[in-house]
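What follows is a set of notes on a single structure, which appears directly below.
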Amino acid sequence: MSKHRKYSFNVLYLLGSILILLGLFLPVLNIGPIHITGLKMLSNDRFSYVVAGILIFVGAGVGFIACFFPPLMQYKFSGFLMSIFGGVLLFIMYGSTLVKAFTKVAGPGFYVIIIGWVVAFIALFA
0 MSKHRKYSFN VLYLLGSILI LLGLFLPVLN IGPIHITGLK MLSNDRFSYV
50 VAGILIFVGA GVGFIACFFP PLMQYKFSGF LMSIFGGVLL FIMYGSTLVK
100 AFTKVAGPGF YVIIIGWVVA FIALFA
């Protein structure tokens with residue numbers, strides 16, 4: 000792989016990590032007048048919300064930091080998997096509720112996180 004192409008995919012992965020982190024600051028779930036951001040998940044009473052939020056946040060953060068330090072490049076994949084695992088955990092725990100009311104519940108942060116995962120996936124595996 001050429002050096003230019005490798006750099007381009009690194010920038011693409013960085014963009015995916017930034018989108019995931021940005022999505023955590025936007026409302027992920029809108030339940031009536033209540034807007035739950037990814038950061039509010041970290042201070043929730045439910046342990047699974049906290050674990051899922053931490054995994055998504057730390058995974059994206061690890062990927063973001065790994066883009067700037069070449070010795071840490073091998074951690075990009077680990078960060079991506081950690082972030083995806085947090086999303087899967089959240090879906091497993093509350094999937095039936097989210098699927099039933101998906102169009103009513105999902106906020107803009109949810110879609111930004113999904114787009115960030117897709118961009119990071121493309122950068123890692125293209």
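Counting from 1, position 39 in the sequence shown corresponds to residue 38 in numbering that gives the first Met the number 0; the numbering is continuous, with no gaps.
Just so you know, even glycine gets a beta-carbon here, dropped at the ideal spot from N, CA and C.
As the structure is a computational prediction, the values presented were derived from the model and not from experiment.
Selected residue, minimal CA-CA separation from residue i, among the options
{"i": "I17", "options": "S82, F46 and A125", "result": "S82"}
{"i": "L89", "options": "F76, P69 and L41", "result": "L41"}
{"i": "I19", "options": "G85, V49, A125 and I91", "result": "G85"}
{"i": "F79", "options": "L28, G52 and V61", "result": "V61"}
{"i": "F56", "options": "Y74, G37, I91 and V104", "result": "G37"}
Reduced DSSP secondary structure (H/G/I, E/B, other) of residue i
{"i": "L71", "result": "helix"}
{"i": "A105", "result": "strand"}
{"i": "L28", "result": "strand"}
Cβ of residue i within 9 angstroms of any chain B Cβ
{"i": "S47", "result": "The structure shown has no chain B; it contains just one protein chain."}
Residue i to residue j span [Cα, whole Å]
{"i": "S210", "j": "G115", "result": "Since the first and last residues shown for the chain are 0 and 125, residue 210 lies out of range."}
{"i": "G31", "j": "P70", "result": "46 angstroms"}
{"i": "L14", "j": "D44", "result": "31 angstroms"}
{"i": "V50", "j": "S7", "result": "32 angstroms"}
{"i": "K39", "j": "G52", "result": "9 angstroms"}
Exposure of residue i, with buried meaning 16 or more beta-carbon neighbours within 10 Å
{"i": "A122", "result": "buried"}
{"i": "V87", "result": "exposed"}
{"i": "M127", "result": "Since the first residue of the chain shown is 0 and the last is 125, residue 127 is not available in this structure."}
{"i": "A59", "result": "buried"}
{"i": "L54", "result": "buried"}
{"i": "L28", "result": "buried"}
{"i": "F67", "result": "exposed"}
{"i": "A125", "result": "exposed"}
heavy atom of the ligand MG below 8 angstroms from residue i C-beta
{"i": "N29", "result": "Because no ligand of any kind appears in the structure shown, any question about the ligand MG cannot be addressed here."}
| message | I'd like to know if the segment 22-30 and the segment 105-116 are in contact, where contact means that at least 3 CB-CB pairs between them fall below 8 angstroms. | response | Under the 8 angstroms Cβ criterion, the segment 22-30 counts as touching the segment 105-116, having at least three qualifying pairs.
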